[in-house]
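Student:
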Amino acid sequence: MATKPTPRGYPLEHTRDGKPRFRGCVKVAEYDYICKLGEGTFGEVSKARSKKTGQVVALKKILVHNEKDGFPITALREIKLLKALRHPNVLQLVEMAVERPKDVTKKSNMFMVTPYMDHDLSGMLKNPRIQFTEPQIKCYMKQLLEGCKYLHESKILHRDMKAANLLISNKGILQIADFGLARPYDDAPPQPGKGGGEATRSYTTLVVTRWYRPPELLLQLRNYTTAVDMWGVGCVFGEMFKRRPILQGDSDLAQAQLIFTLCGSPNDQSMPGWNTLPGCEEVTDWGDRRPTIRQTFKELSPTGLSLLEALLKLDWRTRINAIDALQHPYFHTHPLPARPEDLPVMEDSHEFDKQKQREERKPPPAPAGGQVGIGPQNEYGFQDRSRPYDRQSGRGGGRPPYANGQRRPPPHGQNGDYPDHRGPRPPRNNDSYDHAYRQPRHYDDPAYDRDRRPPPQYYDEPYSRRPPPDTSLPPRPPAPEVDPPYRDRDDRPPPRRIPPGAETGRPPADRQPAPIVDTYIPAYSSADPHARPPRNVLRSAIQGQPGDPTTRRAPLPPRDDAGRPISRGDYPPRRGSGEYDDVLSYDDQVNGDPYPRRGPSSVGSYERRRTRSRSPQRERIPDREREREYYGPGPRR
Amino acid sequence: MARHASLAIISNSLATSKQVLELKNRDATTSVVDANLFKTSLLTQFAGLLLHLPQEVIATSIIILQRFLVSSASIATEIDLLTTSQLIPEASLVSASAASVYLSAKQSFYPLSPRSIINVYALLTSPEASLLSFINSNATGIIHSSEPPNSRNYHVSEGAYETHRQALFDAESRILASLAFDTKVVLPHTLALTYMQALSASTVPLAERVLAHLNAALLSPQLLYLTHQPNALAVAAIYLAAREQEVALVDDEVAWWEVFDVGREGLGFLVLSMGSLNGFVEAEKVSWTGN
Numbered sequence: 018m019a020t021k022p023t024p025r026g027y028p029l030e031h032t033r034d035g036k037p038r039f040r041g042c043v044k045v046a047e048y049d050y051i052c053k054l055g056e057g058t059f060g061e062v063s064k065a066r067s068k069k070t071g072q073v074v075a076l077k078k079i080l081v082h083n084e085k086d087g088f089p090i091t092a093l094r095e096i097k098l099l100k101a102l103r104h105p106n107v108l109q110l111v112e113m114a115v116e117r118p119k120d121v122t123k124k125s126n127m128f129m130v131t132p133y134m135d136h137d138l139s140g141m142l143k144n145p146r147i148q149f150t151e152p153q154i155k156c157y158m159k160q161l162l163e164g165c166k167y168l169h170e171s172k173i174l175h176r177d178m179k180a181a182n183l184l185i186s187n188k189g190i191l192q193i194a195d196f197g198l199a200r201p202y203d204d205a206p207p208q209p210g211k212g213g214g215e216a217t218r219s220y221t222t223l224v225v226t227r228w229y230r231p232p233e234l235l236l237q238l239r240n241y242t243t244a245v246d247m248w249g250v251g252c253v254f255g256e257m258f259k260r261r262p263i264l265q266g267d268s269d270l271a272q273a274q275l276i277f278t279l280c281g282s283p284n285d286q287s288m289p290g291w292n293t294l295p296g297c298e299e300v301t302d303w304g305d306r307r308p309t310i311r312q313t314f315k316e317l318s319p320t321g322l323s324l325l326e327a328l329l330k331l332d333w334r335t336r337i338n339a340i341d342a343l344q345h346p347y348f349h350t351h352p353l354p355a356r357p358e359d360l361p362v363m364e365d366s367h368e369f370d371k372q373k374q375r376e377e378r379k380p381p382p383a384p385a386g387g388q389v390g391i392g393p394q395n396e397y398g399f400q401d402r403s404r405p406y407d408r409q410s411g412r413g414g415g416r417p418p419y420a421n422g423q424r425r426p427p428p429h430g431q432n433g434d435y436p437d438h439r440g441p442r443p444p445r446n447n448d449s450y451d452h453a454y455r456q457p458r459h460y461d462d463p464a465y466d467r468d469r470r471p472p473p474q475y476y477d478e479p480y481s482r483r484p485p486p487d488t489s490l491p492p493r494p495p496a497p498e499v500d501p502p503y504r505d506r507d508d509r510p511p512p513r514r515i516p517p518g519a520e521t522g523r524p525p526a527d528r529q530p531a532p533i534v535d536t537y538i539p540a541y542s543s544a545d546p547h548a549r550p551p552r553n554v555l556r557s558a559i560q561g562q563p564g565d566p567t568t569r570r571a572p573l574p575p576r577d578d579a580g581r582p583i584s585r586g587d588y589p590p591r592r593g594s595g596e597y598d599d600v601l602s603y604d605d606q607v608n609g610d611p612y613p614r615r616g617p618s619s620v621g622s623y624e625r626r627r628t629r630s631r632s633p634q635r636e637r638i639p640d641r642e643r644e645r646e647y648y649g650p651g652p653r654r
Numbered sequence: 358m359a360r361h362a363s364l365a366i367i368s369n370s371l372a373t374s375k376q377v378l379e380l381k382n383r384d385a386t387t388s389v390v391d392a393n394l395f396k397t398s399l400l401t402q403f404a405g406l407l408l409h410l411p412q413e414v415i416a417t418s419i420i421i422l423q424r425f426l427v428s429s430a431s432i433a434t435e436i437d438l439l440t441t442s443q444l445i446p447e448a449s450l451v452s453a454s455a456a457s458v459y460l461s462a463k464q465s466f467y468p469l470s471p472r473s474i475i476n477v478y479a480l481l482t483s484p485e486a487s488l489l490s491f492i493n494s495n496a497t498g499i500i501h502s503s504e505p506p507n508s509r510n511y512h513v514s515e516g517a518y519e520t521h522r523q524a525l526f527d528a529e530s531r532i533l534a535s536l537a538f539d540t541k542v543v544l545p546h547t548l549a550l551t552y553m554q555a556l557s558a559s560t561v562p563l564a565e566r567v568l569a570h571l572n573a574a575l576l577s578p579q580l581l582y583l584t585h586q587p588n589a590l591a592v593a594a595i596y597l598a599a600r601e602q603e604v605a606l607v608d609d610e611v612a613w614w615e616v617f618d619v620g621r622e623g624l625g626f627l628v629l630s631m632g633s634l635n636g637f638v639e640a641e642k643v644s645w646t647g648n
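Chains as they are written, first to last, in our numbering: chain A, 18 to 654; chain B, 358 to 648.
Spelled out as structure tokens, the structure:
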């Protein structure tokens, strides 16, 4: 029974389906468990089907890690935001489900119920057998921008835009997921033609996964705008062509370097106000580099390049906003964006996971957030999942839900051929899709309904009982005193990095001849251990080698899932071994702190700048701090 | 909801009349339910004051608590406690009150530790030390007492704290589950001030009276915040306050409330409810002391 709207609109006592507003959560028993999708520090994500509607969903269990604080505030925020949002390109929170244990002394478990999505963009890009055509890229970009436009006009900052958080269904629908870092935006939403506008309010800069972090955040702009998300969109856009994150910095400083190598050094024209910002790790001089973006992305069409440049604009005030980006000629010139339903159904990626996972650099985790928990790829664990076993065709194959580098052969055939429940498999030849783009058709029709294909028959049931992953980590070295700049959040073995020459398709930005060498050896280390280097010393050291300021701090060791450092011997050498690690290796930090600037007096500031972990086991930034950030600097007693 | 994103800023989810009826019909004499509702709301208000929470957060707590009670009316269990006629509310009602404060403080500028909340509730439910006269018959109801009550009466030992904290978290989970996580609360206070400006009647005495009515309405056993939208509550409070202070708002002939999307009937009901609250509280007080 549907509620009838009164002349004044829908009554607020009922939801649209006529149920009372305060009716409680459904029981999780309303869902049939299908299989486990992922597991990590964030808890467990399962695939399930609603007994009532038949909808296939993902159930994300909310772990109450910290017994001290009750229900995690980060989860509360995420739920509150998701409840207020509804858009075809934003992952919808279907409802909350509760599981009451029979034993009353045990805690009840809460689940976030979201529609099941087949892939995430990051996983698709890692699968070399999935090739994107330009109309397909345009289609995804268009949906991504529609989602962003909606979020921004609803005054929400997503703050963790990245390929892994973009889920894609087999119907070609892209949805923005993971609102664990999102927050309401207090200033006016972006206006057409006015970029991101100006913000009056300050927020924390400890947001956005580093590789997708915009320059103004790296330079510590606190009153940032919706433009931070647009930078991430630009990174994703480039990533769709390069098939890997385009800016993979090992540290915040290296990230800034990569950005300024690609987009040119900041100056008063390209980034007005840049020199009034605090700077990245106290570095404020970025040399005088020319942008290399046009050479780096020569494979893009002129309109594509123009859009990419508009998205990756250093000046956050004039960086294109989602409204304008949707009007960009890129989406209105041939080849026109494909319609989602015309996109090929993606094949599964299980042939490649293991290999890919070894090769791939893991993205650094998103900073803050919390116990809601985010996996390395995305919190829903949709990465690279295979299509379920299809009974009709008897083909397809399950793959365990990503993550561990650990894989069993699928129970059913895995011949790479995949069933298409919607008809014959589309040819792999890219050109053959052209018919779909010739007419300027759009996907604006409301047929965004969820995937309701026949139920997978518990095809990968064995995986729910699969053995614990073999993390194959070496014995732990003693934990260094320092905090890691980031830590890895999954159990995969550390990535093997490939020297730039050996890798094809590496963005030339990374192959720039000038290696990032830190020739500046901090002379102050023998002096007063609490003294910081005077800024001008640093600057003078940087000058003379334009294009290559410096990391004064050695990259910190990677961490494994429990926050313990992965021993250096087993961690792959940094790309281009002539890099700065020769000057300052992290071992120095283990043995003794050669960075006197982090004296007792500066600990506080370092603490504040540290990338925060989402893992509950490790020392947590007190929720208080996050709360203060989230709601602003409240006049707390 | 999103389609009415702008409207969502000034509107609340409401309880159905059926839900409210179910709640009231738990007992043959609704007065027991009413009394318990009032006491629990008052307890929450006092706790919020002792915890130095701003009224905004306290009001949110009370509304969340009432939503919880209403939504669990059909589930029974807790709600049966509302029908027990005794002076001190049942322990699980106290936990629910504490958890609603905890939950709304957590989502506000002013997060609180479980310890602070448990300490304050220990004080408030102590028959010797409570500031609430339905719990402690000697209570003056004044918070800024120059003679602090003997702390022995409300000391929370480490062991008791663990137990209380567990109860607090359990209640928090129950509340969230009952509300299906709908913790968004819109308050009428700022709306009322805006309306007064629109009516060119923005004076301090009138504003004080309007806010007093709005805050008192939180305690109403008629659960006005669960059955009426913020705009209606704001208009009713302005109407009542203006009548009391004999402030002429606009021409008598003009149905100014319709400008704020409030019907004459709804306004009448609210004015009556808000106006009758005083009588209800007086009667309650008599029943507490027994004279």
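Quick reminder that beta carbons are idealized off the backbone N, C-alpha and C, glycines included.
None of these values were measured; they are calculated from a predicted model.
So what does DSSP say about isoleucine 595 of chain B, is it helix, strand or coil?
Tutor: Residue state, collapsed to three classes: helix.
Student: Closest Cβ-Cβ distance between asparagine 635 of chain B and chain A: below 7 Å?
Tutor: No, asparagine 635 of chain B lies away from the interface with chain A (no Cβ there is under 7 Å from its Cβ).
Student: Beta-carbon separation of alanine 339 of chain A and histidine 175 of chain A under 7 Å?
Tutor: Against a cut-off of 7 Å, the Cβ pair of histidine 175 of chain A and alanine 339 of chain A comes out as no contact.
Student: Using DSSP with H/G/I as helix, E/B as strand and the rest coil, what is glycine 386 of chain A?
Tutor: Because the pLDDT at glycine 386 of chain A is just 45, under 50, the model does not fix this residue reliably, and the point stays unresolved.
Student: State the Cα-Cα distance for the pair threonine 397 of chain B and leucine 450 of chain B, rounded to the nearest angstrom.
Tutor: C-alpha separation (whole angstroms): 7 Å.
Student: So with CB distances below 8 Å, who are the chain A contacts of serine 461 of chain B?
Tutor: Near serine 461 of chain B there are no residues of chain A at all, since even the closest Cβ is about 11 Å away, more than 8 Å.
Student: Check whether chain B comes within 7 Å of methionine 288 of chain A, counting only Cβ atoms and requiring the distance to be less than that.
Tutor: Not closer than 7 Å to any Cβ of chain B, the Cβ of methionine 288 of chain A fails to qualify, so no.
Student: Tell me the DSSP secondary structure of arginine 458 of chain A in three-state form.
Tutor: Caution applies to arginine 458 of chain A, whose pLDDT of 39 falls short of 50 and renders its modelled position unreliable; the value that the coordinates give is listed next. In the structure shown, arginine 458 of chain A sits in coil (DSSP, three-state: anything other than H, G, I, E or B).
Student: For glutamine 192 of chain A, which of helix, strand or coil comes out of DSSP?
Tutor: Note: glutamine 192 of chain A maps to strand in three-state DSSP.
Student: So the candidates are B/Ala479, B/Ser490 and B/Arg621; which of them puts its Cα closest to the Cα of arginine 509 of chain B?
Tutor: The shortest C-alpha separation from arginine 509 of chain B is found at B/Ala479.
Student: Taking Cβ positions, are alanine 199 of chain A and serine 139 of chain A nearer each other than 7 Å?
Tutor: No, Cβ-Cβ distance for alanine 199 of chain A and serine 139 of chain A is not below 7 Å.
Student: Name, please, each residue of chain A whose Cβ falls closer than 8 Å to the Cβ of alanine 534 of chain B.
Tutor: Gly41, Cys42, Met113, Val115, Ser125 and Met127, listed in chain order.
Student: Which one or two residues does DSSP pair with leucine 174 of chain A in a beta bridge?
Tutor: Beta-bridge pairing links leucine 174 of chain A to A/Arg200.
Student: Should lysine 155 of chain A and phenylalanine 348 of chain A be called a contact, given that it needs their Cβ atoms to be closer than 7 Å?
Tutor: Yes. Within cutoff.
Student: Please report the Cβ distance between leucine 279 of chain A and proline 308 of chain A, rounded to the nearest whole angstrom; I am assuming they are in contact, meaning their Cβ atoms lie under 8 Å.
Tutor: Indeed they touch by this definition, with Cβ atoms about 7 Å apart.
Student: Using the C-alpha atoms, what's the distance from glutamine 160 of chain A back to glycine 109 of chain A?
Tutor: Going by the sequence as given, residue 109 of chain A is glutamine instead of glycine. Between glutamine 109 of chain A and glutamine 160 of chain A, the C-alpha separation is close to 15 Å.
Student: If we count the other Cβ atoms within 10 Å of its Cβ and call it buried at 16 or more, is asparagine 369 of chain B buried or exposed?
Tutor: Result: buried.
Student: With 16 other CB atoms within 10 Å as the buried threshold, where does glutamine 148 of chain A fall?
Tutor: Per the 10 Å Cβ criterion, exposed.
Student: Can you give me the start and stop residues for the alpha helix (DSSP H) that asparagine 635 of chain B sits inside?
Tutor: Taken as a continuous stretch (DSSP letters only), the alpha helix (DSSP H) holding asparagine 635 of chain B covers 621 to 646.
Student: Out of B/Val611, B/Asn572 and B/Val604, point me to the one whose CA is closest to glycine 632 of chain B's CA.
Tutor: When only C-alpha atoms are compared, the closest one is B/Asn572.
Student: Rounded to whole angstroms, what is the Cα-Cα separation between methionine 304 of chain A and isoleucine 185 of chain A?
Tutor: Per the sequence shown, the amino acid found at residue 304 of chain A is glycine instead of methionine. If you take the alpha carbons of glycine 304 of chain A and isoleucine 185 of chain A, they lie about 40 Å apart.
Student: Beta-carbon of isoleucine 96 of chain A versus every beta-carbon of chain B: anything under 7 Å?
Tutor: Cβ-Cβ to chain B under 7 Å: yes for isoleucine 96 of chain A.
Student: Output yes if chain A places a C-beta closer than 7 Å to the C-beta of alanine 528 of chain B; else output no.
Tutor: No, because no Cβ of chain A sits closer than 7 Å to the Cβ of alanine 528 of chain B.
Student: For the beta strand (DSSP E) that glycine 568 of chain B lies in, which residues bound it at each end?
Tutor: Note that residue 568 of chain B corresponds to leucine in the displayed sequence, not to glycine. Run containing leucine 568 of chain B: none in the beta strand (DSSP E); it sits in the alpha helix (DSSP H), 561 to 575.
Student: By the 10 Å Cβ neighbour count, where 16 or more other Cβ atoms means buried, how is aspartate 370 of chain A classified, buried or exposed?
Tutor: Note on aspartate 370 of chain A: pLDDT 45, under 50, position unreliable in the model; the coordinate value appears next. The residue in question, aspartate 370 of chain A, is buried, as its Cβ has 16 or more Cβ neighbours within 10 Å.
Student: Step through the CB atoms of chain A and report whether any lies within less than 7 Å of the CB of alanine 453 of chain B.
Tutor: For alanine 453 of chain B, the answer is no, since every Cβ of chain A falls outside 7 Å of its Cβ.
Student: Quick test of the definition: if touching needs 3 or more C-beta pairs under 8 Å, does the region 261 to 271 of chain A touch the region 281 to 293 of chain A?
Tutor: The region 261 to 271 of chain A vs the region 281 to 293 of chain A: no contact.
Student: Measure the beta-carbon distance from leucine 575 of chain B to tyrosine 582 of chain B and round it to whole angstroms, keeping in mind my assumption that it falls under 8 Å.
Tutor: The Cβ separation is near 6 Å, so the contact holds.
Student: When the distance is taken between beta carbons, is glycine 189 of chain A closer than 7 Å to glutamate 299 of chain A?
Tutor: Taking 7 Å as the Cβ cut-off, glutamate 299 of chain A and glycine 189 of chain A do not qualify as a contacting pair.
Student: For lysine 259 of chain A, return the contacting residues in chain B, with the cut-off set at a CB-CB distance below 9 Å.
Tutor: None at all; the shortest Cβ gap to chain B is about 34 Å.
Student: Would you call the region 516 to 529 of chain B and the region 539 to 553 of chain B in contact, with 3 or more CB pairs under 8 Å?
Tutor: Cβ pair count under 8 Å is below three, so no.
Student: For glycine 398 of chain A, which three-state DSSP category applies?
Tutor: Legend: pLDDT at glycine 398 of chain A = 37, less than 50; position of this residue unreliable, value from coordinates given subsequently. Reduced to three states, the DSSP call for glycine 398 of chain A is coil.
Student: Measuring only from the beta carbon, is serine 494 of chain B closer than 6 Å to any heavy atom that is part of the ligand ATP?
Tutor: Summarising the ligand content, the structure contains no ligands, and the ligand ATP is consequently not present.
Student: Is it buried or exposed for glutamine 312 of chain A, if we count other Cβ within 10 angstroms and need 16 for buried?
Tutor: Glutamine 312 of chain A should be labelled exposed.
Student: Tyrosine 467 of chain B by DSSP, collapsed to three states: which one?
Tutor: Note: tyrosine 467 of chain B maps to coil in three-state DSSP.
Student: Against leucine 93 of chain A, what residues of chain B qualify as contacts under a CB-to-CB distance less than 9 Å, listed in chain order?
Tutor: Within chain B, the residues near leucine 93 of chain A are Leu460, Lys463, Gln464, Leu533, Phe538 and Thr540.
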